[in-house]
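First residue of the sequence shown: 97, per the numbering used here; consecutive thereafter.
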Amino acid sequence: MNRYPLWKNIFIAASLVVGFIYTLPNFYGEAPAVQVSPLKHGLKADTALMGRVEDALKKGDLVPDGIFLDQASVRARFRDTDTQIKAKDLLQSQLGEDYVVALNLLSNSPRWLTAIGALPMYLGLDLRGGVHFLLQVDMKAALAKKIDSLAGDIRTALRDKRIQYGGVTRDGQNIVVRFRDREMRDKGLAEIGKNMPDLEFKTQDEAGEYRITAALRPEAQNQTKKFALEQNITTLRNRVNELGVAEPIIQQQGTERVVVQLPGVQDTAKAKDILGRTATLEVRMVEAHAGDPSAKNYDPQKIEQAINGQVPFGTELFYVQREGGKEPLLLSKQIVITGDRLTDASPGFDSQDHRPIVSVTLDGQGARIFQQVTREAVKRRMAILLIDRGKPEVLTAPVIQSELGARFQITGFRSTEETKDLSLLLRAGALAAPMDIIEERTVGPSLGAENIRIGFHSTWYGFAAITVFMIAYYLLFGVFSVVALAANVLFLVALLSMLQATLTLPGMAGIALTIGMAIDANVLINERIREELRNGNTPQAAIHAGYDRAWGTILDSNITTLIAGLALFAFGSGPVKGFAVVLCLGILTSIYSAVVVSRGIVNLYYGSRRRLDSISIGQVWRPGAEKA
Numbered sequence: 097m098n099r100y101p102l103w104k105n106i107f108i109a110a111s112l113v114v115g116f117i118y119t120l121p122n123f124y125g126e127a128p129a130v131q132v133s134p135l136k137h138g139l140k141a142d143t144a145l146m147g148r149v150e151d152a153l154k155k156g157d158l159v160p161d162g163i164f165l166d167q168a169s170v171r172a173r174f175r176d177t178d179t180q181i182k183a184k185d186l187l188q189s190q191l192g193e194d195y196v197v198a199l200n201l202l203s204n205s206p207r208w209l210t211a212i213g214a215l216p217m218y219l220g221l222d223l224r225g226g227v228h229f230l231l232q233v234d235m236k237a238a239l240a241k242k243i244d245s246l247a248g249d250i251r252t253a254l255r256d257k258r259i260q261y262g263g264v265t266r267d268g269q270n271i272v273v274r275f276r277d278r279e280m281r282d283k284g285l286a287e288i289g290k291n292m293p294d295l296e297f298k299t300q301d302e303a304g305e306y307r308i309t310a311a312l313r314p315e316a317q318n319q320t321k322k323f324a325l326e327q328n329i330t331t332l333r334n335r336v337n338e339l340g341v342a343e344p345i346i347q348q349q350g351t352e353r354v355v356v357q358l359p360g361v362q363d364t365a366k367a368k369d370i371l372g373r374t375a376t377l378e379v380r381m382v383e384a385h386a387g388d389p390s391a392k393n394y395d396p397q398k399i400e401q402a403i404n405g406q407v408p409f410g411t412e413l414f415y416v417q418r419e420g421g422k423e424p425l426l427l428s429k430q431i432v433i434t435g436d437r438l439t440d441a442s443p444g445f446d447s448q449d450h451r452p453i454v455s456v457t458l459d460g461q462g463a464r465i466f467q468q469v470t471r472e473a474v475k476r477r478m479a480i481l482l483i484d485r486g487k488p489e490v491l492t493a494p495v496i497q498s499e500l501g502a503r504f505q506i507t508g509f510r511s512t513e514e515t516k517d518l519s520l521l522l523r524a525g526a527l528a529a530p531m532d533i534i535e536e537r538t539v540g541p542s543l544g545a546e547n548i549r550i551g552f553h554s555t556w557y558g559f560a561a562i563t564v565f566m567i568a569y570y571l572l573f574g575v576f577s578v579v580a581l582a583a584n585v586l587f588l589v590a591l592l593s594m595l596q597a598t599l600t601l602p603g604m605a606g607i608a609l610t611i612g613m614a615i616d617a618n619v620l621i622n623e624r625i626r627e628e629l630r631n632g633n634t635p636q637a638a639i640h641a642g643y644d645r646a647w648g649t650i651l652d653s654n655i656t657t658l659i660a661g662l663a664l665f666a667f668g669s670g671p672v673k674g675f676a677v678v679l680c681l682g683i684l685t686s687i688y689s690a691v692v693v694s695r696g697i698v699n700l701y702y703g704s705r706r707r708l709d710s711i712s713i714g715q716v717w718r719p720g721a722e723k724a
């Protein structure tokens with residue numbers, strides 16, 4: 097009656113072992129480390145970079161406890177902070193400005209745990225210390241910028257087709273185009289409507305003046321807002337690299353806000369300066385190169401002279417990242433266009449050979465300039481530069497295949513990931529819309545350590561109080577309940593570690609709340625067993641009926657709480673969402689531990705006994721009888 101089949105016992109034991117293994121990394125603590133990440137487009141964290149880090153540390157007589165490679169960085173772990181700081185300074189001087197060298201913390205977990213993906217939870221800002229900003233994106237400015245760009249495109253389109261018009265002005269969120277006669281108005285409407293699908297049009301005749309009023313379609317407005325938010329987030333990520341923050345959190349909150357959390361940073365003024373900085377794009381012509389012999393201005397000798405210090409007047413020497421290394425280029429100092437003329441950049445595929453490309457769109461004036469310059473520059477190379485922190489970097493230098501206008505394509509990519517990164521980077525040269533800091537706070541590292549201590553102690557004090565009560569009131573069944581409760585905490589921490597969740601103060605509160613809620617199921621089961629004993633059932637029958645009949649109540653109560661937790665996750669943000677994640681996972685683990693694990697323990701202890709006269713579950717009073 098009260099025996100689990102072998103497979104179920106094995107399943108419970110295996111779940112406990114897995115929970116223990118994935119919880120274990122959280123008890124090893126963290127050691128000081130240095131993180132090396134590529135800063136410029138085209139550079140990657142690979143085994144070659146890992147070898148450079150190893151060689152630099154060996155030359156500097158600095159011995160790391162371990163060097164690890166992940167998808168985005170190389171990390172070296174050290175025994176103390178003094179060695180960590182020396183290693184940071186050494187690597188920064190050896191690797192140069194192409195890489196960000198940041199101070200970080202790495203888990204002290206053994207390699208075998210790391211090899212199976214057993215990693216500790218991340219610590220949030222309130223536990224580690226740092227600065228927090230909540231920024232509001234000015235979406236009205238983003239829409240105004242888009243409308244101004246479209247107004248310039250309308251002027252260009254009408255001039256190119258020699259359609260006479262009286263003026264193009266912006267009236268709030270609308271564009272008003274004036275004509276002197278109906279015929280020109282109709283021609284203009286046909287031309288604009290053909291080239292600008294993002295606009296919807298209305299015509300109006302008034303006092304001998306014929307007007308077209310154009311407004312952004314609702315779906316185009318939403319797309320503009322989405323791109324503005326996406327571009328600002330990408331720009332912020334690029335800028336945060338200068339601060340040397342190892343694990344910054346930059347994420348969208350709602351439809352118009354961005355949360356920026358910088359663990360370990362205490363200089364709020366410097367953080368504000370970095371987040372508010374502007375960056376620009378430039379397009380210049382390549383005057384000499386040694387890369388593609390089929391392209392014009394192929395001149396290896398001139399490149400060699402420039403490398404040796406003989407740079408021709410009116411040019412500058414730059415380098416572009418290629419698969420085989422850096423390629424030197426001589427660029428004209430004359431700027432063709434700047435990033436102010438770029439309205440959009442998106443990844444895609446070439447229609448003919450399906451190669452990955454980046455499609456770039458310019459505004460009206462930029463299109464005219466670009467068309468005029470590229471008409472006489474077919475088969476020449478063109479360089480696109482990103483100017484950030486006052487330092488220019490060549491992103492790409494493609495060959496111009498034909499005359500270019502408002503829209504052109506950049507080719508020569510190996511994967512769609514490169515086109516996606518570059519399109520975002522092109523849009524991220526500057527903020528798409530202004531942002532205002534509407535909330536900021538600083539958490540010191542000592543306060544973070546105090547928060548950890550308080551949260552840890554409060555959890556264990558609550559667990560200890562529950563243990564004393566359960567054992568005193570339910571005796572041996574209280575012990576079973578406490579073991580199941582410990583298993584619940586084990587499963588919860590293991591799940592959070594597997595998901596690589598970020599532990600914050602609300603998360604710790606969720607763990608403490610889970611402990612208090614999880615014991616309710618065991619109380620229901622124990623009281624149900626007592627009730628069955630009072631009704632005269634045998635101990636074995638009482639155990640069986642107690643678990644079976646308490647299951648429905650336990651499920652109902654936890655489902656209602658789970659619904660509330662899911663609502664918090666769906667509609668909450670930030671700390672509320674973190675609390676909801678812990679709460680929902682805690683509900684699932686508590687159902688499993690309170691019902692399945694605790695019954696497995698009871699079955700192992702009592703289920704094998706053929707004759708069972710009594711069980712240790714505290715005092716059971718029968719009406720009109722002595723206590724059992």
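Here a beta-carbon is modelled for each residue, glycine too, at the ideal position from N, C-alpha and C.
On a predicted model such as this, the values are computed, not experimentally measured, just so you know.
From the options, pick the residue whose C-alpha is nearest to that of residue i; which is it?
i, options, result
"Phe-155", "Lys-182, Pro-314 and Ser-169", "Checking the sequence shown, residue 155 turns out to be Lys, not Phe. Closest option to Lys-155, Cα to Cα, is Lys-182."
"Asn-328", "Val-273, Gly-405, Gly-268 and Leu-231", "Leu-231"
"Ala-177", "Leu-165, Ser-189 and Leu-202", "At residue 177 the sequence reads Thr, which differs from the Ala that was named. Comparing Cα positions, the closest option is Leu-202."
"Ala-324", "Ile-117, Ala-237, Arg-251 and Leu-664", "Ala-237"
"Met-381", "Ala-479, Val-130, Lys-140 and Lys-290", "Ala-479"
"Arg-313", "Phe-297, Leu-543, Glu-305 and Asp-301", "Phe-297"
"Phe-552", "Val-539, Leu-591 and Met-604", "Met-604"
"Ala-473", "Leu-481, Pro-494, Asp-459 and Val-456", "Pro-494"
"Ala-386", "Arg-477, Gly-147 and Leu-527", "Arg-477"
"Glu-383", "Leu-377, Ser-390 and Asp-395", "Asp-395"
"Thr-685", "Asn-98, Leu-112, Leu-223 and Leu-425", "Leu-112"
"Glu-287", "Arg-274, Glu-302, Gln-300 and Asp-256", "Asp-256"
"Gly-606", "Asn-618, Ile-621 and Val-589", "Val-589"
"Asp-142", "Ala-168, Leu-371 and Glu-546", "Ala-168"
Under the DSSP definition of a beta bridge, which residues are partnered with residue i?
i, result
"Arg-353", "Gln-232 and Gln-349"
"Asn-270", "Asp-267 and Ala-311"
"Leu-599", "Leu-219"
"Leu-171", "Residue identity check: residue 171 is Arg in the sequence provided, not Leu. The partner list for Arg-171 (beta bridge, DSSP) reads Gln-131 and Phe-164."
"Ile-711", "Ile-711 is not bridged to any residue."
"Ser-442", "Ser-455"
"His-385", "Tyr-394 and Leu-425"
"Ala-479", "Arg-380"
"Asp-652", "Partner(s): none; Asp-652 has no beta bridge."
"Phe-504", "Val-456"
"Gln-300", "Arg-307"
I need the straight-line Cα distance from residue i to residue j, nearest angstrom please.
i, j, result
"Ala-311", "Lys-242", "11 Å"
"Arg-418", "Thr-331", "23 Å"
"Lys-321", "Gly-612", "44 Å"
"Ile-506", "Val-454", "5 Å"
"Tyr-570", "Leu-543", "40 Å"
"Thr-649", "Tyr-557", "28 Å"
"Asp-616", "Ala-663", "22 Å"
"Pro-635", "Ala-172", "60 Å"
"Gly-661", "Cys-680", "6 Å"
"Asp-277", "Tyr-306", "6 Å"
"Asn-584", "Met-566", "16 Å"
"Gly-410", "Lys-429", "6 Å"
"Ile-250", "Gln-448", "30 Å"
"Ala-724", "Tyr-702", "No answer about Ala-724 holds up, because its pLDDT of 37 lies below 50 and its placement is not dependable."
"Asn-105", "Phe-665", "34 Å"
"Gly-213", "Asp-166", "12 Å"
"Glu-623", "Ile-713", "9 Å"
"Gly-162", "Tyr-100", "45 Å"
"Phe-107", "Val-114", "10 Å"
"Arg-707", "Leu-629", "16 Å"
"Ser-704", "Asn-122", "37 Å"
Here's the rule I'm using: 16 or more other beta-carbon atoms within 10 Å means buried, otherwise exposed. How should residue i be labelled?
i, result
"Ile-259", "buried"
"Ser-245", "buried"
"Asp-440", "buried"
"Leu-102", "exposed"
"Pro-206", "exposed"
Next on the checklist: Is it the case that the region 212–222 contacts the region 595–602, given that we only count it when at least three CB pairs across the two stretches are under 8 Å?
Outcome noted: yes
Next on the checklist: Using a Cβ distance threshold of 8 Å, determine whether the region 688–698 contacts the region 570–585, with at least three qualifying pairs required.
Outcome noted: yes
Item to check | Cβ contact (3+ pairs, closer than 8 Å) linking the region 397–408 and the region 462–470 | outcome: no
Checklist entry - Quick one: any contact between the region 124–135 and the region 182–198, if contact means 3 or more CB pairs under 8 Å? => result yes
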